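2 protein chains.
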Amino acid sequence: MSVTIKDVAKQANVSISTVSRVINDSKPVSDEIKQRVLKVIEETGYTPNPVARSLVMKKSQLIGVIVPSISNFFIGEVLNGIEEIGKMYNYDILLCNTYGELKQELRYLNLLKSKQVEGIIFMTWELQEEHKKFFSEEDVPIVMINRDTSDFNITSVCIDHHQAAYEMTKYLIEKGHERIALIRGGIENYVFGIDQYEGYAKAMKEHNLEIDENLIKNCQFKLEMAYDAVQEMIDDDILPTAIFATTDSMAFGAINCLIDNNLKVPEDVSVVGFNDIKLASIYRPKLTTIRQPIYDIGAVAIRVIIKKIKGEEIKENIFTLPHELVERDSCRSIK
Amino acid sequence: MSVTIKDVAKQANVSISTVSRVINDSKPVSDEIKQRVLKVIEETGYTPNPVARSLVMKKSQLIGVIVPSISNFFIGEVLNGIEEIGKMYNYDILLCNTYGELKQELRYLNLLKSKQVEGIIFMTWELQEEHKKFFSEEDVPIVMINRDTSDFNITSVCIDHHQAAYEMTKYLIEKGHERIALIRGGIENYVFGIDQYEGYAKAMKEHNLEIDENLIKNCQFKLEMAYDAVQEMIDDDILPTAIFATTDSMAFGAINCLIDNNLKVPEDVSVVGFNDIKLASIYRPKLTTIRQPIYDIGAVAIRVIIKKIKGEEIKENIFTLPHELVERDSCRSIK
DNA sequence: TTGTACGCGTTATCAC
DNA sequence: GTGATAACGCGTACAA
Numbered sequence: 009m010s011v012t013i014k015d016v017a018k019q020a021n022v023s024i025s026t027v028s029r030v031i032n033d034s035k036p037v038s039d040e041i042k043q044r045v046l047k048v049i050e051e052t053g054y055t056p057n058p059v060a061r062s063l064v065m066k067k068s069q070l071i072g073v074i075v076p077s078i079s080n081f082f083i084g085e086v087l088n089g090i091e092e093i094g095k096m097y098n099y100d101i102l103l104c105n106t107y108g109e110l111k112q113e114l115r116y117l118n119l120l121k122s123k124q125v126e127g128i129i130f131m132t133w134e135l136q137e138e139h140k141k142f143f144s145e146e147d148v149p150i151v152m153i154n155r156d157t158s159d160f161n162i163t164s165v166c167i168d169h170h171q172a173a174y175e176m177t178k179y180l181i182e183k184g185h186e187r188i189a190l191i192r193g194g195i196e197n198y199v200f201g202i203d204q205y206e207g208y209a210k211a212m213k214e215h216n217l218e219i220d221e222n223l224i225k226n227c228q229f230k231l232e233m234a235y236d237a238v239q240e241m242i243d244d245d246i247l248p249t250a251i252f253a254t255t256d257s258m259a260f261g262a263i264n265c266l267i268d269n270n271l272k273v274p275e276d277v278s279v280v281g282f283n284d285i286k287l288a289s290i291y292r293p294k295l296t297t298i299r300q301p302i303y304d305i306g307a308v309a310i311r312v313i314i315k316k317i318k319g320e321e322i323k324e325n326i327f328t329l330p331h332e333l334v335e336r337d338s339c340r341s342i343k
Numbered sequence: 009m010s011v012t013i014k015d016v017a018k019q020a021n022v023s024i025s026t027v028s029r030v031i032n033d034s035k036p037v038s039d040e041i042k043q044r045v046l047k048v049i050e051e052t053g054y055t056p057n058p059v060a061r062s063l064v065m066k067k068s069q070l071i072g073v074i075v076p077s078i079s080n081f082f083i084g085e086v087l088n089g090i091e092e093i094g095k096m097y098n099y100d101i102l103l104c105n106t107y108g109e110l111k112q113e114l115r116y117l118n119l120l121k122s123k124q125v126e127g128i129i130f131m132t133w134e135l136q137e138e139h140k141k142f143f144s145e146e147d148v149p150i151v152m153i154n155r156d157t158s159d160f161n162i163t164s165v166c167i168d169h170h171q172a173a174y175e176m177t178k179y180l181i182e183k184g185h186e187r188i189a190l191i192r193g194g195i196e197n198y199v200f201g202i203d204q205y206e207g208y209a210k211a212m213k214e215h216n217l218e219i220d221e222n223l224i225k226n227c228q229f230k231l232e233m234a235y236d237a238v239q240e241m242i243d244d245d246i247l248p249t250a251i252f253a254t255t256d257s258m259a260f261g262a263i264n265c266l267i268d269n270n271l272k273v274p275e276d277v278s279v280v281g282f283n284d285i286k287l288a289s290i291y292r293p294k295l296t297t298i299r300q301p302i303y304d305i306g307a308v309a310i311r312v313i314i315k316k317i318k319g320e321e322i323k324e325n326i327f328t329l330p331h332e333l334v335e336r337d338s339c340r341s342i343k
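Chains as they are written, first to last, in this note's numbering: chain A, 9 to 343; chain B, 9 to 343.
Spelled out as structure tokens, the structure:
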């Protein structure tokens with residue numbers, strides 16, 4: 009049986025209110041009594057019961073994090089940022105894994121609310137109307153990651169995917185590539201599917217390059233699907249000189265397929281990615297990619313949540329973090 | 009303001025106890041009233057407040073998971089198993105990241121206890137006396153992952169590292185390798201550092217092969233350290249024909265170093281790993297390694313926790329899951 | 001079968 | 001500055 013505030017009060021010969029005051033520094037307590045209470049706390053090893061505290065305060069020091077996959081490289085790193093900053097502010101993380109299933113996402117959204125979490129960080133591959141509906145009805149602070157939330161009232165933290173895709177495409181073009189495949193997550197509800205495509209298209213157009221729709225593939229962020237997409241290009245004999253995957257994972261799928269077909273990267277085909285997950289510099293050839301400040305994305309997300317909890321008004325709807333093109337070994341110039 | 013049991017009781021014109029009874033099926037309620045209450049619950053969208061419930065029941069439906077790194081490939085997969093099974097039994101995961109720092113680990117151990125978690129799954133790189141001390145004083149169900157806990161009373165789930173290391177070494181020997189480097193986590197407190205070494209040594213001895221201590225490296229599971237260790241071998245001109253890393257990550261560190269030194273894997277040097285993280289089949293060459301049932305390790309861990317929570321007696325101290333040697337492309341025969 | 005009343009461990013609002 | 005005491009939302013003896 010653990011020791012409660014009552015026990016401390018009794019042993020220190022004071023009322024529980026007094027004990028509560030010294031714990032929380034909420035109201036002045038005479039120095040003498042304070043010391044006495046502190047001593048008893050020390051001796052008994054008393055720690056306040058957070059559950060009881062939550063009940064009365066309607067706070068939990070808990071932040072819910074909903075992700076579509078824990079073992080995903082990108083997400084793991086985001087979680088690092090969330091956890092570390094959360095810890096600094098004494099918030100704990102309630103982790104929920106949805107496998108991207110809408111049903112699970114909705115279930116967790118409601119569950120977390122009932123668990124009295126003070127805020128929710130929400131990640132999903134596909135954003136649906138149901139999500140938005142939930143958001144509009146809730147008052148829990150919610151932050152999304154890597155989402156264009158400009159059309160509804162949810163804060164999001166991400167990078168400028170349009171611009172990044174534009175830069176990467178331009179980079180490839182300047183290296184002499186003209187036929188450039190785009191392997192992306194998907195279209196409509198998928199993260200920045202449209203944004204990235206438009207960045208790509210803009211660069212192509214600026215250089216008077218034609219977009220071959222056969223080279224635009226939607227692969228739902230799956231390495232395997234990217235692999236198959238490239239295999240298809242090979243089979244159809246339309247393999248381009250460069251492949252731009254909007255996810256490092258998909259880039260690796262592409263590279264693997266090339267290697268397995270006895271093609272060399274970047275000698276035969278250049279491949280670039282997006283995100284700069286750890287793997288990007290582990291893999292050989294090292295991957296040329298767009299670096300997102302992944303850890304910082306998580307860190308900023310939880311900082312925003314905490315600000316919202318404190319009632320501070322957040323001006324921005326979208327926090328855009330800087331990105332950077334990292335040149336490594338998977339892309340070559342063919343000029 | 010969310011609706012409470014009191015509101016439901018009032019609207020249904022019954023007492024709160026009755027409402028409580030229908031929610032929990034704890035005691036018989038007349039069908040008529042039951043329906044009435046259910047209807048009100050439906051209409052109001054009432055959900056019991058888990059915090060209040062926790063307070064009175066002294067239960068939280070929460071399981072704490074302490075890990076040394078979230079973004080680690082292996083751990084992410086373990087978390088998947090934990091989360092998925094936990095969800096089935098209606099348990100949520102309180103995630104704690106320690107970066108392997110003892111201080112954080114101890115802090116979280118205590119924090120989780122005070123948060124009323126019903127069980128703790130604990131992972132650490134280095135097991136210390138302080139941990140054991142905590143365990144011996146606590147009554148919360150605790151399960152460790154990938155640990156030899158035979159010398160103290162904590163349940164653990166893992167594979168037979170000794171046997172696995174033995175098999176892998178034997179495999180290399182049978183492929184004609186005689187000088188085999190062992191890159192492992194570390195010695196004393198590190199996971200199975202000794203076990204794996206002994207498995208390795210046993211195989212070597214059985215084949216009358218000499219163990220060159222210069223080829224035994226302790227790399228704390230760090231890819232970079234494995235890289236450096238191999239570089240050192242190259243510089244010292246003692247590069248063996250095969251390298252056995254007790255972690256896939258370290259294996260990749262080794263391979264990368266070889267590649268960066270214009271050495272080919274497996275043509276010049278064979279490299280094998282341990283764990284079979286996803287990356288092992290993504291990387292090229294695909295890594296020959298020991299497959300651990302990573303997901304299952306997490307799944308079993310939480311199952312054991314849940315059994316303990318239910319008061320079932322656990323007979324085994326260590327749950328040993330099966331492993332398997334997966335032959336892929338990073339190792340060749342030199343006979 | 002149903003309702004009353006108490007307790008879970010805190011914080012907060014009063015009086016003193 | 002200090003101490004009762006009422007919440008917080010719920011489960012459960014106990015009584016009816």
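From the three backbone atoms N, C-alpha and C, an ideal C-beta is built for every residue, glycine too.
Please read all numbers here as calculations on a predicted model, not as lab measurements.
- In summary, the residues of the region 99–111 of chain A whose CB is separated from some CB of chain B by less than 8 Å are D100, I101, L102, L103, C104, N105, in the order they occur in the chain.
- Listed along chain B, no residue sits closer than 7 Å to N270/A by beta-carbon distance, the nearest being about 12 Å off.
- Taking Q228/A as reference, the option from I310/A, S257/A, N154/A with the minimal CA-CA separation is S257/A.
- Against chain B, the beta carbon of I267/A has neighbours under 8 Å at R292, listed in chain order.
- Nearest CB-CB separation between E91/B and chain A: below the 8 Å threshold.
- DSSP places S28/A inside the alpha helix (DSSP H), whose first and last residues are 24–32.
- Taking the C-beta atoms as reference points, N226/B is found no nearer than 8 Å to G184/B.
- DSSP places E324/B in no alpha helix (DSSP H); its state is neither H nor E.
- Ranking F327/A, I285/A, H331/A by CA distance to the CA of V151/A puts F327/A first.
- Boundaries of the beta strand (DSSP E) around L102/A: 100–105.
- Burial check for P330/B: the Cβ neighbour count within 10 Å stays below 16, so the residue is exposed.
- DSSP places S278/A within a strand segment (E or B) once states are collapsed to three.
- Where S164/B is concerned, the enclosing beta strand (DSSP E) starts and stops at 163–167.
- Around G108/B, the same chain offers P76, S77, T132, W133, E134 as residues with beta carbons nearer than 8 Å, after the five sequence neighbours per side are excluded.
- In this chain, the beta strand (DSSP E) harbouring F130/B covers 127–130.
- By the C-beta density criterion, H139/A is buried, having at least 16 other C-beta atoms within 10 angstroms.
- The region 35–86 of chain A contains, as complete beta strand (DSSP E) runs of 3+ residues, the segments 70–75 (chain order).
- A60/A has a beta carbon lying within less than 8 Å of a beta carbon in chain B.
- Minimum Cα-Cα distance from Y99/A among the listed residues L117/A, E232/A, P58/A corresponds to P58/A.
- A Cβ-Cβ separation of about 6 Å places T26/A in contact with I41/A under the 8 Å criterion.
- Rounded to the nearest angstrom, the gap between the Cα atoms of I129/A and N269/A is 41 Å.
- In this structure P293/A is buried. Its beta-carbon is surrounded by 16 or more other beta-carbon atoms within 10 angstroms.
- Proximity of chain A to T55/B at the Cβ level (cut-off 7 Å) is accounted for by S122, in chain order.
- Under DSSP, the beta-bridge partners assigned to R192/A are N226/A.
- Taking C-beta atoms as the reference points, I302/B and V148/B fail to come closer than 8 Å.
- Under DSSP, F252/A shares a beta bridge with L190/A, V280/A.
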